[in-house]
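Single-structure report; data block below.
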Amino acid sequence: KPLYINLTHQEQVVAGNDVQFVCDVFGANPPADVKWFKGNNLITNETLIQTFPEAMPIITKVTENPDGTFNTKSELQFKATRFDDNAQFQCYAENSVTRNQFDPSFNRQGQLQVKYPPVVTVAPANITRNETTPKDVIIQCEFVGNPLEMITVYWMKDGKNLTLIPNKHIGGTKASPLLTIKNVTRHDMGDYTCVCMNAVGVSVSENSAYLNVNYPPTVEVIMDPPHPVKSVNGINVTAVCNVVSGNPPTLTK
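Each residue of the sequence shown is one higher than the last, beginning at 3 in my numbering.
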């Protein structure tokens with residue numbers, strides 16, 4: 003059976019970069035087979051592409067020692083993603099002698115830490131308020147990342163940086179990412195996104211929150227002809243009611 007097993011790997015990597023785990027098994031006779039696990043899931047060349055879309059095939063080499071025993075080297079290499087953060091990887095060595103006997107001395111575990119930029123979402127996705135009954139609106143900015151501490155957090159409205167106005171906006175900062183808009187009006191209507199930056203990178207929220215504000219219509223009456231006429235002239239007069247603004251823009255009556 004194997005005499006010794008060793009696992010080497012990077013303990014920390016940035017998402018998108020290659021990470022390599024190398025498992026060395028020494029002094030086995032017959033040669034040891036090496037199995038890889040992520041958590042409790044077995045990794046094989048057949049399942050590799052499902053677990054790690056950009057992985058290299060597992061490479062395993064066996065060399066014979068002068069004393070007739072064998073060393074086995076197995077390499078697992080893939081591009082790290084945020085889903086690999088804090089994952090436990092294990093290499094397990096066995097041969098016909100140790101088969102069906104789970105001996106802890108013949109496995110090694112290693113934990114991987116993956117640094118990655120923030121993944122940001124906002125909620126709720128759609129909000130509707132009436133200007134005639136003004137109320138506050140609260141939009142959540144939720145994020146994960148490694149490191150979790152953000153360097154900066156800010157909001158955008160319709161693709162432009164939102165200028166925070168005292169007594170109008172509360173929060174919307176690194177200290178308080180949640181954004182409160184006081185007494186919403188038509189001028190607050192728009193698409194809101196949250197932007198977060200940590201030591202790895204900056205990310206805009208994967209979705210947006212659309213604030214819809216209903217307000218009464220403003221109309222103008224257009225007369226044709228525009229000048230006064232006398233009834234005795236028998237001239238037709240047309241009056242057109244034109245909606246200048248209003249939300250929703252369609253009139254009900």
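Think of the CB as a built atom: it goes at the ideal place given N, C-alpha and C, for glycine as much as any other residue.
| message | Quick check: what's the CA-CA separation for Tyr217 versus Val204? | response | On the sequence shown, position 215 is the one that residue 217 refers to. On the sequence shown, position 202 is the one that residue 204 refers to. The alpha-carbon of Tyr217 is positioned some 36 Å away from that of Val204.
| task | Pair every Cβ in the region 125-140 with every Cβ in the region 77-87, then say whether three or more of these pairs are closer than 8 Å. | result | As far as the Cβ criterion goes, the region 125-140 does not touch the region 77-87, which means the pair count is below three.
| said: With distance defined between alpha-carbon atoms, name the residue in Pro55, Ser98, Gln52, Gly41 nearest to Asn88. | reply: Counting from 1 along the sequence shown, the entry for residue 88 is found at position 86. In terms of Cα proximity to Asn88, the closest of Pro55, Ser98, Gln52, Gly41 is Gly41.
| request: May I ask you to report which of helix, strand or coil DSSP gives Asp87? | output: Your numbering for residue 87 matches position 85 in the sequence shown. In this structure, DSSP gives Asp87 a state outside helix and strand, which the three-state scheme calls coil.
| Going by Cα to Cα distance, which pick from Thr195, Ala201, Val215 is closest to Asn185? | Along the sequence shown, read from residue 1 onward, the residue named residue 185 stands at position 183. The option with the nearest alpha carbon to Asn185 is Val215.
| task | Verify whether the separation of the beta carbon atoms of Val202 and Tyr118 is less than 8 Å. | result | Position 200 of the sequence shown, counting from 1, holds the residue named residue 202. Position 116 of the sequence shown, counting from 1, holds the residue named residue 118. Yes.
| In chain order, what residues of the same chain have a beta carbon less than 6 Å from the beta carbon of Phe23, not counting five sequence neighbours either side? | What you label residue 23 is simply residue 21 of the sequence shown in a count that begins at 1. So the qualifying residues of the chain are His11, Leu78, Phe91.
| Coil, strand or helix - Asp26 by DSSP | Within the sequence shown, residue 26 is the residue found at index 24, counting from 1. Residue state, collapsed to three classes: strand.
| Rounded C-alpha distance that separates Val287 from Gly147 | There is simply no residue 287 to check, as the chain begins at 3 and stops at 255 in what is shown.
| field | Cα-Cα separation, Glu133 to Asn249 | value | Position 131 of the sequence shown holds residue 133. Position 247 of the sequence shown holds residue 249. Answer to the nearest angstrom: the Cα atoms are 10 Å apart.
| Per DSSP, the bridge partner or partners of Ala241 | Here the question's residue 241 lines up with position 239 in the sequence shown. As computed with DSSP, Ala241 is found in a beta bridge with Met225.
| So what's Gln52 in DSSP terms, helix, strand or just coil? | One-based indexing of the sequence shown puts residue 52 at position 50. Residue state, collapsed to three classes: helix.
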